[in-house]
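> Numbering (this note's numbering), first residue to last: 9 to 159.
The C-beta atom is built at its ideal place from N, Cα and C for all residues, glycine as well.
Input: one structure, supplied below.
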């Protein structure tokens, strides 16, 4: 993963595999000290054991015996001095990563908008919402409103 967008796409892939019909992507940077990336879905959710073990690259619920996406996202966040969390309460899951943008280990954001539009075109049965908040500027892309124009 070379940028934040790659991290998001990896987490979205997990959401799609979990049967999600709604995926919300949030990238929030209030100041130069922290950038929060969050992927929230309404998929099948994770058990407490899955939440505790998902950061282990040799743990997978998909029968592959390896699950590198979540551990890599966590590693990239922690390398910047940030943090990482996974939460699931029955149905759905939320994965959050805090990055410290001033860190020498910070990766670029990447082309978040093109990636989101590609997801919307590729998975027309899933509603995607992208919220990007930078300082006082808020941008929201909701596939529920875009689909007629994108198809």
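May I ask you to list the residues that DSSP assigns as paired with residue 43?
Beta-bridge pairing links residue 43 to 107.
> For a test of the three-state rule: what should DSSP assign to residue 87, helix, strand or coil?
Helix at residue 87.
> How would you label residue 88, buried or exposed, when you count the other beta carbons within 10 angstroms and need 16 or more for buried?
Buried is the call here.
> Looking at the secondary structure, which residues open and close the beta strand (DSSP E) in which residue 150 lies?
Per DSSP, residue 150 belongs to the beta strand (DSSP E) from 145-150.
> What does the Cβ neighbour count give for residue 49, buried or exposed, with the cut at 16 atoms within 10 Å?
Buried: at least 16 other Cβ atoms inside 10 Å.
> Starting from residue 129, follow the beta strand (DSSP E) in both directions and report where the run begins and ends.
Residue 129 -> not in any beta strand (DSSP E); alpha helix (DSSP H) instead, spanning 120-130.
> Could you tell me which of 121, 85, 149 and 126 sits nearest to residue 110, measuring between CA atoms?
Out of 121, 85, 149 and 126, 85 has the C-alpha closest to the C-alpha of residue 110.
> Is the stretch 12-29 in contact with the stretch 121-138, if contact means three or more CB pairs nearer than 8 Å?
Segments in contact, yes.
> Span of the beta strand (DSSP E) holding residue 55?
From DSSP, residue 55 is part of no beta strand (DSSP E); its letter is neither H nor E.
> Across the stretch 23-33 and the stretch 49-69, are there enough close Cβ pairs to call them in contact, namely three or more that are closer than 8 Å?
Yes, since at least three Cβ pairs between the stretch 23-33 and the stretch 49-69 fall closer than 8 Å, the two stretches touch.
> Quick check on DSSP: helix, strand or coil for residue 153?
In the structure shown, residue 153 sits in a helix (DSSP, three-state: H, G or I).
> By Cβ distance, which residues of its chain are closer than 6 Å to residue 139, with the 5 residues on each side in sequence left out?
Counting only Cβ-Cβ distances below 6 Å, and skipping sequence neighbours, we find 34 and 148.
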